[in-house]
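Here the sequence shown stands for residues 344 to 597, numbered as in the numbering used here.
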Amino acid sequence: MDSAYFKDRVIWITGASYGIGKALAEEFSQKGARLALSARSEDKLAKLVSTLPHEAKAYAFDVTDRDANNDIAERIVADFGQLDTVVFNAGTNEYVSVTEFNSEVFEHIMRVNFMSMVYGVEAVLPHLLQSTRPHLVGVSSTAAYVGLPRAEAYGASKAAIRNMLEALSLSLQPHGIPVSVVCPGFVKTPLTDVNDFPMPFLIEADEAARTIAKEMMQYKREIHFPKLFSTTLKLISYLPKSWSARLLAKTVRT
């Protein structure tokens, strides 16, 4: 089943230089995929490409540049002859302080996390429509399920991603393009390494990559993990707001 999905499939991964993106590149390459890898760092991408067992090429660029997204998509198709699957994984995080509330934090987070994916979708859809095995995948977060203290900007960007991909899943169904939204919990990456609070059910990036790969093969519409953590947050989101607020208030840092 692994080889049937991944063998010679051309997959573009953004945010591939570290964390989940890097782990996905390693996992997919081992399964025989042909990879187009993007991030801002040419050096990190080159180093990663040199370690992979299967065909891979690096395309360094800034995902917040709309024109660059179009250019890179065209280059990938020119180099590989096709584009089958895209994993929009690039993203960042910055916590919000209510005593130093700054709208620029929101603008930055929304641009990097959400608008970059909008630009990416705009760039790849014409090519996915030409593919015989298309799949559109975007990384959201379990923070999209409920509003969490200090994650006002990050959570809003991830909720926007989740909503957009859910809508696209319906809109693209008649065109034969499956859409998957990935909602990870806490994954050990350079982004989470700076967190100064407990992270329940923290998992390694390679474990996250294995889960994503397994459920991509099943074309799951929503890939969420670790299951106990993500399901708990989902259940909290279904509770009356007065109840969920009492539960989530315990996570507020003062």
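Glycine included, every Cβ here is placed at the ideal spot set by N, Cα and C.
Taking residue i and residue j to be in contact with their CB atoms under 8 Å, please state how far apart those CB atoms are, rounded to whole angstroms.
i: lysine 400; j: valine 406; result: Actually they are not in contact, since the Cβ atoms of lysine 400 and valine 406 sit about 17 Å apart, beyond 8 Å.
i: leucine 380; j: tyrosine 402; result: 7 Å
Thinking C-beta only, is residue j closer than 8 Å to residue i?
i: serine 484; j: lysine 501; result: yes
i: serine 580; j: valine 489; result: yes
i: leucine 388; j: serine 372; result: no
i: glycine 498; j: leucine 508; result: no
i: arginine 553; j: serine 512; result: no
i: alanine 556; j: lysine 390; result: no
i: valine 530; j: isoleucine 566; result: no
i: valine 480; j: methionine 560; result: no
i: proline 569; j: glycine 362; result: no
i: valine 455; j: threonine 435; result: yes
i: phenylalanine 423; j: valine 353; result: yes
i: methionine 572; j: glycine 528; result: For clarity, residue 572 is phenylalanine in the given sequence; the question names methionine instead. It is a contact, given that the beta carbons lie within the stated cut-off.
i: alanine 347; j: asparagine 412; result: no
Based on the DSSP output, what are the partners of residue i in its beta bridges?
i: serine 523; result: Val480
i: valine 429; result: Trp355 and Leu479
i: alanine 382; result: Ala403
i: phenylalanine 568; result: Pro527
i: arginine 377; result: Val353
i: glutamate 612; result: Because the chain in this structure spans residues 344 to 597, residue 612 falls outside the shown range and cannot be described.
Give the single residue among the options whose Cα lies nearest to the Cα of residue i.
i: methionine 453; options: Ala496, Ser512, Glu465 and Leu472; result: Ala496
i: alanine 376; options: Ile363, Ile419 and Phe349; result: Phe349
i: glycine 638; options: Ala433, Asp427, Asp414 and Pro396; result: Residue 638 lies beyond the stretch modelled for the chain, which goes from 344 to 597, so this question has no answer here.
i: alanine 359; options: Gly528, Val482 and Thr574; result: Val482
i: phenylalanine 449; options: Arg493, Glu565 and Asp414; result: Arg493
i: threonine 357; options: Asp408, Asn432, Lys365 and Phe457; result: Asn432
i: tyrosine 562; options: Leu515, Gln516, His478 and Leu578; result: His478
i: alanine 303; options: Ala466, Leu472 and Ala486; result: Absent from the model: residue 303. The displayed extent of the chain is 344 to 597, so no value can be given.
i: aspartate 414; options: Ala548, Val464 and Gln473; result: Val464
i: valine 420; options: Arg383, Leu472, Arg505 and Ser573; result: Leu472
i: glutamine 516; options: Glu547, Pro533 and Leu468; result: Leu468
i: phenylalanine 404; options: Phe572, Ile546, Pro583 and Tyr462; result: Tyr462
i: glutamine 337; options: Thr435, Thr475 and Pro521; result: Past the boundaries of the shown model lies residue 337; the chain is included only from 344 to 597, so the question cannot be answered.
i: glutamate 619; options: Asp386, Lys365 and His470; result: Outside the shown range of the chain, which is 344 to 597, sits residue 619, and nothing can be said about it.
i: alanine 548; options: Ala347, Lys577, Arg505 and Gly364; result: Gly364
i: leucine 408; options: Arg505, Ala588, Ser459 and Trp586; result: Position check: residue 408 holds aspartate in this sequence, whereas leucine was assumed. Nearest of Arg505, Ala588, Ser459 and Trp586 to aspartate 408, Cα basis: Ser459.
i: aspartate 351; options: Tyr438, His397, Glu370 and Ser514; result: His397
i: leucine 378; options: Leu545, Trp355, Arg589 and Ala510; result: Trp355
i: glutamate 369; options: Thr575, Leu591 and Ala551; result: Ala551
With a threshold of 8 Å between beta-carbons, can residue i be considered close to chain C, or not?
i: alanine 552; result: Although the question refers to chain C, the structure presented lacks it and comprises just one protein chain.
**Report entry** Unbroken stretches of the alpha helix (DSSP H), 4 residues or longer, contained in the stretch 435–522
**Finding:** DSSP runs (the alpha helix (DSSP H)) wholly in the stretch 435–522: 446–452, 459–471 and 495–515.
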